[in-house]
Structure formats: C-alpha cells, structure tokens
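**Student:** Chains R and A, in that order, give the protein sequences.
First residue of the first sequence? That's 1 in my numbering, and the numbers climb one at a time after it.
First residue of the second sequence? That's 1 in my numbering, and the numbers climb one at a time after it.
After the structure tokens below, expect a handful of questions from me.
Protein chains: 2
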Amino acid sequence: MSHLALGAGGEFDAIRRLTALWGEQAQGIGDDAAVLTVPPGRSLVVSTDVSVEEVHFRRAWLTPEEIGWRATAAALSDLAAMGAEPLGVLWAGVIPDAWRDALDGLALGVGAATRHAGAAVVGGDLSRGVALSLGLTVLGAAARPLTRAGAKPGDVVWVTGRFGGPARALAAWEHGGRPTDDDRARFARPVPRIAQGLAAAAAGATAAIDVSDGLAQDAGHLAAASGVRIELRLDDLPLVPGGEPLAAAAGGEEYELVLTAPVSVDLAAALPPGVPVTRVGRVGMGHGVVTSLGDRVVEVVPGHDHFSRP
Amino acid sequence: MSHLALGAGGEFDAIRRLTALWGEQAQGIGDDAAVLTVPPGRSLVVSTDVSVEEVHFRRAWLTPEEIGWRATAAALSDLAAMGAEPLGVLWAGVIPDAWRDALDGLALGVGAATRHAGAAVVGGDLSRGVALSLGLTVLGAAARPLTRAGAKPGDVVWVTGRFGGPARALAAWEHGGRPTDDDRARFARPVPRIAQGLAAAAAGATAAIDVSDGLAQDAGHLAAASGVRIELRLDDLPLVPGGEPLAAAAGGEEYELVLTAPVSVDLAAALPPGVPVTRVGRVGMGHGVVTSLGDRVVEVVPGHDHFSRP
Numbered sequence: 001m002s003h004l005a006l007g008a009g010g011e012f013d014a015i016r017r018l019t020a021l022w023g024e025q026a027q028g029i030g031d032d033a034a035v036l037t038v039p040p041g042r043s044l045v046v047s048t049d050v051s052v053e054e055v056h057f058r059r060a061w062l063t064p065e066e067i068g069w070r071a072t073a074a075a076l077s078d079l080a081a082m083g084a085e086p087l088g089v090l091w092a093g094v095i096p097d098a099w100r101d102a103l104d105g106l107a108l109g110v111g112a113a114t115r116h117a118g119a120a121v122v123g124g125d126l127s128r129g130v131a132l133s134l135g136l137t138v139l140g141a142a143a144r145p146l147t148r149a150g151a152k153p154g155d156v157v158w159v160t161g162r163f164g165g166p167a168r169a170l171a172a173w174e175h176g177g178r179p180t181d182d183d184r185a186r187f188a189r190p191v192p193r194i195a196q197g198l199a200a201a202a203a204g205a206t207a208a209i210d211v212s213d214g215l216a217q218d219a220g221h222l223a224a225a226s227g228v229r230i231e232l233r234l235d236d237l238p239l240v241p242g243g244e245p246l247a248a249a250a251g252g253e254e255y256e257l258v259l260t261a262p263v264s265v266d267l268a269a270a271l272p273p274g275v276p277v278t279r280v281g282r283v284g285m286g287h288g289v290v291t292s293l294g295d296r297v298v299e300v301v302p303g304h305d306h307f308s309r310p
Numbered sequence: 001m002s003h004l005a006l007g008a009g010g011e012f013d014a015i016r017r018l019t020a021l022w023g024e025q026a027q028g029i030g031d032d033a034a035v036l037t038v039p040p041g042r043s044l045v046v047s048t049d050v051s052v053e054e055v056h057f058r059r060a061w062l063t064p065e066e067i068g069w070r071a072t073a074a075a076l077s078d079l080a081a082m083g084a085e086p087l088g089v090l091w092a093g094v095i096p097d098a099w100r101d102a103l104d105g106l107a108l109g110v111g112a113a114t115r116h117a118g119a120a121v122v123g124g125d126l127s128r129g130v131a132l133s134l135g136l137t138v139l140g141a142a143a144r145p146l147t148r149a150g151a152k153p154g155d156v157v158w159v160t161g162r163f164g165g166p167a168r169a170l171a172a173w174e175h176g177g178r179p180t181d182d183d184r185a186r187f188a189r190p191v192p193r194i195a196q197g198l199a200a201a202a203a204g205a206t207a208a209i210d211v212s213d214g215l216a217q218d219a220g221h222l223a224a225a226s227g228v229r230i231e232l233r234l235d236d237l238p239l240v241p242g243g244e245p246l247a248a249a250a251g252g253e254e255y256e257l258v259l260t261a262p263v264s265v266d267l268a269a270a271l272p273p274g275v276p277v278t279r280v281g282r283v284g285m286g287h288g289v290v291t292s293l294g295d296r297v298v299e300v301v302p303g304h305d306h307f308s309r310p
C-alpha cells in the first residue's frame, strides 16, 4: 500500500519504510492482523519456518537480500510440497543492532521471493534481539492438499531438480573455501517448486515432501506418514555436475520435491518444463527408506539436524 | 494427535514430545504445512508476533509456562482486536541450549493460552539459537473484521479492563523489587479479549485496536488509520487499585481493547460480563490523540517501543 497510517515511533518508521520498499508486494499491512480471502472450495494451507544466524547460515556467506530470499523460499517450499497456491507471507524479524543497516536488504529479499511465488507480504512483526532470526509464515490455498501420507505400495518415486549443490557449497564454506557460483546459487537462491507441486497434485500424485533436511531423511518422513517403504535408486538421482550420489542424498537445503504417484501417472510429462523431473525409485510394503547404488544397499548418513544436541 | 509419524532425529523427537504434551490441543502436526478450513462467508484473519528474551521479558521474571502463555496471548490479542474467532496457532521457537529443560514448560504455556482461546496448535518450527524467541502466528475467521480504520467523529471510545498493572510490574522488576501478585499476574497472564472483540463487532463497533504499546500510543494508530482525532478523558480510565492515570495511559502490555462505536451502541451492555467495559472518550474531527485530566490537557509520555534505537 502506498500510504501506511501508523502513529509515531521507531518500529513504525521501520515498518513504513519496508512497506514502501515492498511497494505493490505489500498488501493490507498496518492493522492488528491481515485479512485474506481463501477462495471458496479451497482449504487454507499454512506453515511457519524460522531461519537463524549461525544455525541456518552465516553472515559472511550471503548478502542480506539472499538471506531474506532464502528464508522466504524455504517456507514457501512447504506450500509447494502441499500442492498449494501461495496467498500471503508474514515476516517476524528479530534484528540485532549490528544488522540494522541490512534491514532493507533483508526485506527486499523477502519481497522478491514472495513476488516470485505470486504472493504478497501481508503482515509481520519486528523486534530487537541479539541474533538475527527470520520467522516466515506462509499461507496458501489448495482444493486437494497433497500430504506426506498418501503414498501406496507400487507407486513410483519422483524428484524435481538436480541434487548435491547446497551441501557442496556448505562444505566449501565450512572448510574455509569458496563454493562455485553454481553451488553458491543453489544454496543462496533456492526456488520453491510451487508450479511443480500444483501440477503434481492436479496430475494425481499421491504424496509429497520437500527436501530440507536431506533426500533420504525427508523420504523417511514420507515413508513414516504413509506407512510404506521408500526404495531409492541413487544411480538414477539427478546430480549437479560433478555431484556424488551418497553426499547428494544426504545433503539438506535442496528445496526440491519428492513426489509419489501411481505407475500410470507420468509426472515428467505432467510437470512444467525447465526443471528436471526424474524417477528415482518406488514405494514398497514395509517401512523406512532403502537406498541402493549399483546392486548394493548403501547407507546414507543423515543430513542436517539443527535441533540435535551438539 | 496421539500418533505422530515422523522419521528419526533430535528435532523430530522434540516435536513428538511437544505434540504429546499438547494432546487434543494439537491438530494435524506432522506434515509440511497445516490444513485448515475457513468457514464459508468468513475472511481469514492472520497475525504474527515475536517475543524475545531481554527485549520483551527477562527469564528471572517469569516461569517458562508464563513465557509461553504470554507470547501466545499477545498474538491472540490481535485476533481479539479484529473481532475474529481463533482457528489455529503456529509456534516458531528459537531455543538456546540453556533453555532446553524449559522447552516443555514453554510448550505447555503455548498450549494453555491456545486452549483458553478455543483454538488448536496446528504447526510450528524449532531451531537452536543464542537467545530465546517465540514467534507466534495466529489464524482466525471473521464475517466482518473490525479494523482500526472505521472510527467516525461523534463515536464513543471504550476500553475493556483496568489499566496500570503491567507497567507497574515492569517498573518493580526493573528497580530490583518484586511486583504485587496482582500486577505480576497482569503482566504474566494477560487474557486476550476474544469474546469482547467478537461481541463488539456484532454490536456495531466501528474500530478497534489492542493495547500492546500503551493506550495513548495505540489510540494514535487507530486515530491515524481512521483519519480522526481521539479525545481521551483519563479521569474516566479504569485503573488497577492504586493506579495512576498518566502512567496507566502510557504503559504497554495491557492487551486490553480500545473500541469505538456510535453513540447509539452501548458496548457496556453488549459485551460479556466479568470484564469492565468503560467509556473513556470520544472521536472528534482532526488527527492525533488528545488526553485530558480534570480540565487540563496532559501529555502522555510514549510507552514502550522496543524497536527504537537505544
């Protein structure tokens, strides 16, 4: 909105400035709460996600715009995995004094990722604090939300995209090096697979999850929720150039989708072009995830679990 | 939900435990996003609010349950101010190692405030971090949301509750003392005025805001949004025993409602009994807030603005 009617005060000055920065990407900010319309016949789909400095990223790795984009894209990726169309984004920012000058950059990143997904920033909250954190809540609508719980024995397992970039970028930084531009971009500017999730739900996919913790680990959540076994053939996993299948199946932060669908549904044909859609396995009876490479069963060492005790 | 189907990992163990703690108060947790139904003919009303240790509270002041309750109640208060019925709550928690043992207490507080408002915990996210923060997103539904923008010259200004307790509790703590039990409870266990907001909207109130920053400051937001002047007679402001009107009009954290309504609408009769509903002023032409005491115009020194530069 072009005019924001708030009283005086530092927090309100900041909110006014961010709302001006967002321009048409901000809607209805300035009341106690945002008001949205969920289209008739659709369910509301909602998720919240928090990105914390020194836990999810380091300041030296990313620009403020990238930090804002990444946090927002990570949250929107949950809507993609539900086959939901994004409606709005709320940003709760804890902004330390040392990050004050980066506030506009963070906000531009939040706004850009929101715009890219076809949604609007509809609300938020700002607070001081000692460490930067970005809490993103995303709202979407779906006629038939795609859950983790619908995979059936006999279904095919598909993934979007190419794996291995973000983990390699992280490894480079953590060893004091610099990632390649491509790996860095995969970490810094993930693109939530919104169109893919919507098309998969429409085409008859039975379950989906996005890869935030690592392909094998997230496939494990899908297997648990569906009461099935997921069998992944890592030979078929699409990789970034030079990628290594075991590392790619363990690495988090991909924000690609794992989808299951009946054998009769060709998701590669049903999903929009431009992003690879690849068969990587099947759904069996049982539980857990079995990963194979060549003719051997291999163990994928679990990825990222930022809430584990150190 | 009684059974939560997630894979292995420390974060998931914590989520499982909290979901068990919440019992019937948790619904649908365990997928990428929560799915809710907004009743036909109602708008979705949504707000997000972040509470940060050392900014909004200190650990020594409150129990973990109170911290969880307070953060959730503060967020739900925004739904009350919109005349919305709560549907669901999402909690994004940043939990430092030093707070690990308090996690269950925090979650019980979040769950209790959610239950008190008739809603369910529908999702969340947990992360490590160096300072505790609780991001609460609240979802509600309203047939006709009550905004800040509808006050008209000639309307009467009403408030719920009695003012002055939370500011006096804060002052006691900040001077190294202990607040009275009543003042402490007003700070630690605010009750969002959900039923009052719903009844006010149904009775024909024209605008509302909740008092988080201070009566005078929040009335200023309502005045700015409505394009009117708010005239408050502090002689009429209901106070906690021993309360002082100027301090009570400046103090934040009240989570009471300021409501405007046409002269013909008696909000004291329309709102549920048990909480005082008091005429404290009128809406005039112009802008800003004018506060008077006796026959003098007095200045209310602005309350709490935690995002101001120190």
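All C-beta atoms in this analysis are idealised placements derived from N, C-alpha and C, irrespective of residue type, glycine included.
Remember, it's a predicted structure, so these values are computed and weren't measured experimentally.
If we ignore side chains and look at the alpha-carbon of each, how far apart do A188/A and D266/R end up?
**Tutor:** If I take the Cα positions, the gap works out to 56 Å.
**Student:** Could you give the distance in angstroms between the alpha-carbon of R162/R and the alpha-carbon of E24/A?
**Tutor:** The straight-line gap from Cα to Cα measures roughly 40 Å.
**Student:** How many angstroms separate the CA atom of L62/A from the CA atom of P179/A?
**Tutor:** Cα to Cα, the separation comes out at about 12 Å.
**Student:** Consider the Cβ of P245/R: report whether some Cβ of chain A lies at a distance smaller than 8 Å.
**Tutor:** No, P245/R lies away from the interface with chain A (no Cβ there is under 8 Å from its Cβ).
**Student:** Alpha carbon to alpha carbon, how far is L139/R from H39/R? Give it in angstroms, no decimals.
**Tutor:** One detail in the question is off: residue 39/R reads as Pro in this sequence, not His. C-alpha separation (whole angstroms): 12 Å.
**Student:** Given that I209/A touches chain R, what residues does it touch there, using C-beta distances under 9 Å?
**Tutor:** Here the neighbours are D31 and D32.
**Student:** Report yes or no: do three or more beta-carbon pairs, one from the region 248 to 262 of chain A and one from the region 211 to 223 of chain A, lie closer than 8 Å?
**Tutor:** They touch, by the three-pair rule.
**Student:** What is the rounded straight-line gap between the Cα of T19/R and the Cα of R233/R?
**Tutor:** C-alpha separation (whole angstroms): 47 Å.
**Student:** If you follow the beta strand (DSSP E) that V210/R is part of, which residue opens it and which one closes it?
**Tutor:** Here residue 210/R turns out to be Asp, not Val, going by the sequence shown. D210/R -> beta strand (DSSP E) spans A207 to D210.
**Student:** Here's a check: name, in chain order, each residue in its chain whose Cβ is nearer than 7 Å to the Cβ of G164/R, leaving out the five neighbours to either side.
**Tutor:** L239, V240, G243, E244, A247, A248 and G251, listed in sequence order.
**Student:** Tell me, please, whether the region 268 to 276 of chain A touches the region 221 to 230 of chain A by the rule of three or more beta-carbon pairs shorter than 8 Å.
**Tutor:** Too few Cβ pairs lie closer than 8 Å, so no.
**Student:** Check I95/R in the structure and name its three-state DSSP category.
**Tutor:** DSSP places I95/R in coil when its eight states are reduced to three.
**Student:** Check the Cβ of V130/A against every Cβ in chain R and list those closer than 8 Å, keeping chain order.
**Tutor:** By Cβ distance, chain R contributes E54, V130 and A131.
**Student:** In its own chain, which residues sit with a C-beta less than 7 Å from the C-beta of L108/A, not counting the 5 before and 5 after it?
**Tutor:** Answer for L108/A: L21, E65 and G68, listed in chain order.
**Student:** My guess is that P153/R and T206/R are in contact by the Cβ rule of under 8 Å, so how many angstroms apart are they, rounded?
**Tutor:** Incorrect: roughly 11 Å between the Cβ atoms, too far for contact.
**Student:** Need the endpoints of the alpha helix (DSSP H) that T278/R sits in, please.
**Tutor:** Premise fails: T278/R lies in the beta strand (DSSP E), V277 to G284, not in any alpha helix (DSSP H).
**Student:** From S47/R to L293/A, what distance separates their C-alpha atoms?
**Tutor:** Roughly 47 Å between the two C-alpha positions.
**Student:** Could you pull out every unbroken beta strand (DSSP E) segment of at least 3 residues lying fully inside the region 208 to 283 of chain A, listed in chain order?
**Tutor:** Counting only runs of 3 or more, we get 229 to 233 and 257 to 261.
**Student:** With C-beta atoms as the reference, is G135/R less than 8 Å away from R229/R?
**Tutor:** No; because the gap between Cβ atoms is not below 8 Å, this pair is not in contact.
**Student:** Who are the Cβ neighbours of G284/A in its own chain at under 6 Å, not counting the five residues just before and after it?
**Tutor:** Result list for G284/A: P153, R229 and E231, in chain order.
**Student:** When you compare each of A169/R, W173/R and G124/R to D182/R by their alpha carbons, which one comes out closest?
**Tutor:** Comparing Cα-Cα distances from D182/R to each of A169/R, W173/R and G124/R, the minimum goes to A169/R.
**Student:** Pull out every residue of the region 269 to 303 of chain R whose Cβ sits closer than 9 Å to any Cβ of chain A, in chain order.
**Tutor:** If the cut-off is 9 Å between Cβ atoms, the region 269 to 303 of chain R has G288, V289 and P302 near chain A.
**Student:** Determine the burial state of V191/A: buried for a count of at least 16 other Cβ atoms within 10 Å of its Cβ, exposed for fewer.
**Tutor:** Buried, since its Cβ has 16 or more Cβ neighbours within 10 Å.
**Student:** Please confirm if V110/R has its CB atom under 8 Å from at least one CB of chain A.
**Tutor:** Answer no: the Cβ-Cβ gap between V110/R and chain A never drops below 8 Å.
**Student:** Beta strand (DSSP E) containing G135/A: first to last residue?
**Tutor:** First-last of the beta strand (DSSP E) with G135/A: S133 to A142.
**Student:** What did DSSP end up calling R309/R once you bin it into helix, strand or coil?
**Tutor:** In this prediction, R309/R scores a pLDDT of 38, lower than 50, which makes its location untrustworthy; no coordinate-derived value is stated.
**Student:** Hey, could you find the ends of the alpha helix (DSSP H) V110/R is sitting in?
**Tutor:** L103 to H116 is the extent of the alpha helix (DSSP H) around V110/R.
**Student:** If I'm right that A131/A touches E53/A with Cβ under 8 Å, what's the distance once you round it to whole angstroms?
**Tutor:** Contact holds; Cβ gap of about 5 Å.
**Student:** Return the CA-CA distance between R282/A and A84/A, expressed in angstroms with no decimal places.
**Tutor:** Computed Cα separation, rounded: 24 Å.
**Student:** If I measure Cβ to Cβ from A92/R and keep anything under 7 Å in the same chain, skipping five residues before and after, which residues do I get?
**Tutor:** G124, D125 and G135.
**Student:** How would you call P276/A, buried or exposed, if buried means at least 16 neighbouring beta carbons within 10 angstroms?
**Tutor:** Flag for P276/A reads exposed.
**Student:** Can you grab the Cα-Cα spacing for the pair A195/R / A80/R, in whole Å?
**Tutor:** The alpha-carbon atoms of A195/R and A80/R are separated by roughly 7 Å.
**Student:** With 8 Å set as the bound, which would you pick, yes or no: does the beta-carbon of V159/A sit closer than that to a beta-carbon of chain R?
**Tutor:** Answer no: the Cβ-Cβ gap between V159/A and chain R never drops below 8 Å.
**Student:** What would DSSP say about S51/A, mapped onto helix, strand or coil?
**Tutor:** S51/A: strand per DSSP, three-state reduction.
**Student:** Could you work out which residues of chain R lie near G154/A, taking near to mean beta carbons separated by less than 7 Å?
**Tutor:** Under the 7 Å cutoff, chain R gives no residues; its nearest Cβ is about 20 Å from G154/A.
**Student:** Mark G41/R as exposed unless 16 or more other C-beta atoms lie within 10 angstroms of its C-beta, in which case mark it buried.
**Tutor:** Classification of G41/R: exposed, given that the 10 Å Cβ count is below 16.
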